[in-house]
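Below: one structure, written as structure tokens.
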Amino acid sequence: MGKWGELLAPAGDRDALLAAVEAGADAVYLAGKRFGARALAKNFTDAEIEWAVDYCHLRGVKVYITVNTLISDRELSEALKFIAFINDIGADGVIIQDLGVALLAREVAPELSLHASTQATVYDSAGAVYFEKLGFRRVVLARELTAQKIKEITSSVNIETEIFVHGAMCTSYSGQCLASSMIGGRSGNRGVCAGPCRLSYKIGNRKGFLLSIKDLCLIRHLDTIRQTGARSLKIEGRMKGADYVKTVVSIYRKYMDSGAEVTPEDYEALERIFYRGGFTDGYFTGVKGAGMFCPQKPDNPYKMQDGKAFSLPPPKKTAVRIECWANLNSPMRLQISDRVGNTVVCSGELAAEEAVSRPLTKERLKDQLSKLGDTVFYAEDIVIHTDENISLPISEINSVRREAVRLLEEKIIKSFKRSDSKIPVIKKGIRTPAESLEISVQIRTEAQLNALDKSDYDYIYIPLDIAVKRNCFTDKTAVVLPRISPENLAEILNTIPIRRALMTNIGQAEILRRLGFEIIADHTLNIFNTRAAEHFGYTSRITLSSELMLSQIRGISCDMPIEVIAYGRLPLMITENSISGSKTEYMEDRTGAVFPIMQTSEGRSEIFNSKPIVMSDKLCDIKNSGVNVIRLFFTTETPSECESILRSYKTEQAPKGDFTRGKFYKGV
Numbered sequence: 195m196g197k198w199g200e201l202l203a204p205a206g207d208r209d210a211l212l213a214a215v216e217a218g219a220d221a222v223y224l225a226g227k228r229f230g231a232r233a234l235a236k237n238f239t240d241a242e243i244e245w246a247v248d249y250c251h252l253r254g255v256k257v258y259i260t261v262n263t264l265i266s267d268r269e270l271s272e273a274l275k276f277i278a279f280i281n282d283i284g285a286d287g288v289i290i291q292d293l294g295v296a297l298l299a300r301e302v303a304p305e306l307s308l309h310a311s312t313q314a315t316v317y318d319s320a321g322a323v324y325f326e327k328l329g330f331r332r333v334v335l336a337r338e339l340t341a342q343k344i345k346e347i348t349s350s351v352n353i354e355t356e357i358f359v360h361g362a363m364c365t366s367y368s369g370q371c372l373a374s375s376m377i378g379g380r381s382g383n384r385g386v387c388a389g390p391c392r393l394s395y396k397i398g399n400r401k402g403f404l405l406s407i408k409d410l411c412l413i414r415h416l417d418t419i420r421q422t423g424a425r426s427l428k429i430e431g432r433m434k435g436a437d438y439v440k441t442v443v444s445i446y447r448k449y450m451d452s453g454a455e456v457t458p459e460d461y462e463a464l465e466r467i468f469y470r471g472g473f474t475d476g477y478f479t480g481v482k483g484a485g486m487f488c489p490q491k492p493d494n495p496y497k498m499q500d501g502k503a504f505s506l507p508p509p510k511k512t513a514v515r516i517e518c519w520a521n522l523n524s525p526m527r528l529q530i531s532d533r534v535g536n537t538v539v540c541s542g543e544l545a546a547e548e549a550v551s552r553p554l555t556k557e558r559l560k561d562q563l564s565k566l567g568d569t570v571f572y573a574e575d576i577v578i579h580t581d582e583n584i585s586l587p588i589s590e591i592n593s594v595r596r597e598a599v600r601l602l603e604e605k606i607i608k609s610f611k612r613s614d615s616k617i618p619v620i621k622k623g624i625r626t627p628a629e630s631l632e633i634s635v636q637i638r639t640e641a642q643l644n645a646l647d648k649s650d651y652d653y654i655y656i657p658l659d660i661a662v663k664r665n666c667f668t669d670k671t672a673v674v675l676p677r678i679s680p681e682n683l684a685e686i687l688n689t690i691p692i693r694r695a696l697m698t699n700i701g702q703a704e705i706l707r708r709l710g711f712e713i714i715a716d717h718t719l720n721i722f723n724t725r726a727a728e729h730f731g732y733t734s735r736i737t738l739s740s741e742l743m744l745s746q747i748r749g750i751s752c753d754m755p756i757e758v759i760a761y762g763r764l765p766l767m768i769t770e771n772s773i774s775g776s777k778t779e780y781m782e783d784r785t786g787a788v789f790p791i792m793q794t795s796e797g798r799s800e801i802f803n804s805k806p807i808v809m810s811d812k813l814c815d816i817k818n819s820g821v822n823v824i825r826l827f828f829t830t831e832t833p834s835e836c837e838s839i840l841r842s843y844k845t846e847q848a849p850k851g852d853f854t855r856g857k858f859y860k861g862v
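Mapping of the sequence shown onto my numbering: residues 195 to 862, in sequence order.
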């Protein structure tokens, strides 16, 4: 079938990396001990990362390092030192979620390839174009896309796209999940997701592992993937072991190369190495629904039991061309070159002599030079220049060959190294405490809107579907864009008179700017540090990540007004699959906590926290952190409850009932 695409394998530790390379991966991705989205994997020390990069480069395999978590201002200096390190040792790219980190990484290491993590929630062409304009060379697309959508996005940009083809599936859109953070204090955006979607829940009369999706497997769709133009095919699994990596990579390698139909035996091998109730093709074919879930089997991995060994591809080796000069009265000279132009020349110590009995033939010399079995090279061409009737010890030939190999290895490794890293000085400052707080209210229903119509607030945010129905807006009104934009978003926005919008995804920026909207950046953009905040200077204000503490907010020293959600049930997940009916339903966990599930106007489901954030009696703390606007985020509240809650914030009343302080005092 010929070479196409990049097979990208996970490496959670040294053994997994060795397995990936042996099994035929074109590239591997791995993390250091900090800043990776799989912090619970074994991961790599700095010394191990440098070894991994050198090991892989000698075998023609690329290495991408993950720095795909949200990073606070206090951590930025260490993160940038790490990025400088991976740049200098020659890593092929860095996978990043945090926009602030990405912008700084461009300054630190201008030649290092930036890849936008799937945590960046890129699901359309507009999002991919945004990252292309920022200088990214690759975007990892959301898992929720069809083959047609992947093809559309890929053809719209001049950078590479990467898609997941195998492994665990998150229930929520990546980068939009706060479930682990808000329920258990372990943030997925910070690399320590506890996997709440793998737990048992009850929704109505249904009970089981209702959020647990089967593992993705697109091995039977490789030809369609090839036609999408996606450059990289990514296997999930940095928490899994070497056996898993070897099995999955080798089977994908086999069928990417051959184009043959997948045999039942190979498909079964994939199932048996890790089984979660069967496989799903995810959203790739456009079919979604209950069949994607495994409510009775959340997790049951087991290794192959019958000892049957599937064939591995030949060991990964680098092709070289060898040219040798063996002339009378001169030391042997050897030149070895790889396909990309790395060349070394090495000479022996002994001069060739006239043969007394058994002259050295070209065939014997060629045979000795081709003995590269225990090296990372194989000889694809050997050219011999030699005089007749000469003699040279075989030990001398072997010695020169070994030295030439050593020199070529050194040269290849050195060719990837860089020395252009420049770590900028990170500005540190403290926000000035706010003299007063403005109040915004975000509603979910028309009944809430009607109840608050005459209330005293500074801004009101209404969903796009309600904005289309209503035609009575004030200068306080902003429209809330869906986190997953409809394809005809621009057309819809042109039908409403509002020209202020809450931007919930990075891909919406260009449309809003082109249509002349005043933009408010929402918390779903995961603005976690000063540099990320500064990037959104084209907006009128920014809503910070709901995972920041007040002490961290105070250190976000941008000049822009900032907003925080000071009341409400935070959205924990947004799912492409509808997991509830059209009406609000409730999901109960094993502790008895109850989480509302509401359907969006586009048919997706949003799961909200069981407890609302309440900060009505802590407004002084919020003001002192430099916040300018507090938002009351209404979801399931009745109209009268909305009015009462607004009054409680006006009068700074102490909260009643069950509530949480969110992450304002205890961060992630």
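A virtual CB, placed ideally from N, CA and C, is assigned to each residue, including glycine. Everything numeric in this text was worked out from a predicted model, so none of it was measured.
Simplified DSSP assignment, three categories, for residue i
i: Cys-666; result: coil
i: Gln-421; result: helix
i: Leu-696; result: strand
i: Asp-815; result: helix
i: Cys-836; result: helix
i: Met-809; result: coil
i: Phe-863; result: Nothing can be reported for residue 863: it is not among the residues displayed for the chain, which extend from 195 to 862.
i: Gln-636; result: strand
i: Glu-779; result: strand
i: Pro-458; result: helix
i: Ala-167; result: Examination of residue 167 is not possible in this model, given that the chain is present from 195 through 862 alone.
i: Gly-701; result: helix
i: Val-442; result: helix
i: Met-767; result: strand
i: Met-792; result: strand
i: Ala-463; result: helix
i: Met-498; result: Low confidence applies to Met-498: its pLDDT is 42, below 50, so where it sits in the model is not reliable, and the reading given next is rough at best. Coil, per DSSP.
i: Ile-357; result: strand
i: Arg-470; result: coil
i: Gly-856; result: coil
i: Ala-628; result: coil
i: Gln-140; result: Lying outside 195 to 862, the shown extent of the chain, residue 140 is not represented and no answer is given.
i: Glu-681; result: coil
i: Ser-613; result: coil
i: Met-195; result: Reliability of the predicted coordinates at Met-195 is poor, the pLDDT of 46 falling under 50, and no value is obtained from them.
i: Ala-787; result: coil
Which residues DSSP lists as bridging residue i, in chain order
i: Trp-519; result: Arg-527 and His-579
i: Asp-532; result: Val-514
i: Ala-672; result: Tyr-655
i: Tyr-572; result: Ala-513
i: Ile-584; result: Glu-548
i: Phe-722; result: In the DSSP output, where bridge partners are listed per residue, Phe-722 has none listed.
i: Val-333; result: Ala-310 and Thr-355
Host alpha helix (DSSP H) of residue i (start-end)
i: Ala-598; result: 588–610
i: Gln-342; result: 341–350
i: Lys-565; result: Premise fails: Lys-565 is in no alpha helix (DSSP H) and is neither H nor E.
i: Ala-362; result: Note, Ala-362: premise wrong, no alpha helix (DSSP H); not H, not E.
Opening and closing residue of the beta strand (DSSP E) in which residue i lies
i: Leu-544; result: 537–545
i: Arg-337; result: Neither: Arg-337 is in no beta strand (DSSP E) and is coded neither H nor E.
i: Glu-800; result: 799–802
i: Arg-825; result: 823–827
Counting beta carbon pairs with one atom in the stretch 238–258 and one in the stretch 269–284, are three or more of them shorter than 8 Å? Cβ pair count under 8 Å is three or more, so yes.
Runs of beta strand (DSSP E) wholly within the stretch 201–284 (minimum 3 residues, chain order): 221–225 and 256–261, all fully within the stretch 201–284.
Threshold first: 3 residues or longer. Then list the beta strand (DSSP E) segments lying entirely within the stretch 729–765, N to C. Scanning the stretch 729–765 from its first residue to its last, the whole beta strand (DSSP E) runs of 3-plus residues come out as 735–737 and 756–762.
Which runs of the beta strand (DSSP E) spanning at least 3 residues fall entirely within the stretch 369–428, listed in chain order? Runs of the beta strand (DSSP E) spanning 3 or more residues and lying entirely within the stretch 369–428 occur at 395–397, 400–402 and 409–411, in chain order.
Below 8 Å, how does it come out for the stretch 668–678 and the stretch 690–702: are there three or more Cβ pairs, yes or no? Touching, per the Cβ criterion.
May I have a chain-ordered list of the beta strand (DSSP E) segments no shorter than 3 residues that lie completely inside the stretch 283–325? For the stretch 283–325, whole beta strand (DSSP E) runs of length 3 or above, ordered along the chain, are 287–290 and 308–310.
For the 8 Å Cβ check, are there 3 or more pairs between the stretch 762–774 and the stretch 792–802? In this structure the stretch 762–774 lies against the stretch 792–802, because at least three pairs of beta carbons, one per stretch, are closer than 8 Å.
Given 8 Å, three or more beta-carbon pairs between the stretch 389–406 and the stretch 437–451: The count of Cβ pairs closer than 8 Å, one atom from the stretch 389–406 and one from the stretch 437–451, stays below three, leaving the stretches out of contact.
Can you find at least 3 beta carbon pairs, one from the stretch 573–580 and one from the stretch 512–528, that sit closer than 8 Å? For the pair of segments examined, the stretch 573–580 was found to touch the stretch 512–528: the number of CB pairs separated by less than 8 Å reaches three.
Check whether the stretch 837–846 and the stretch 649–657 are in contact - that is, three or more C-beta pairs closer than 8 Å. Output reads yes: the stretch 649–657 touches the stretch 837–846.
Three or more C-beta pairs below 8 Å linking the stretch 301–311 and the stretch 328–335: Touching, per the Cβ criterion.
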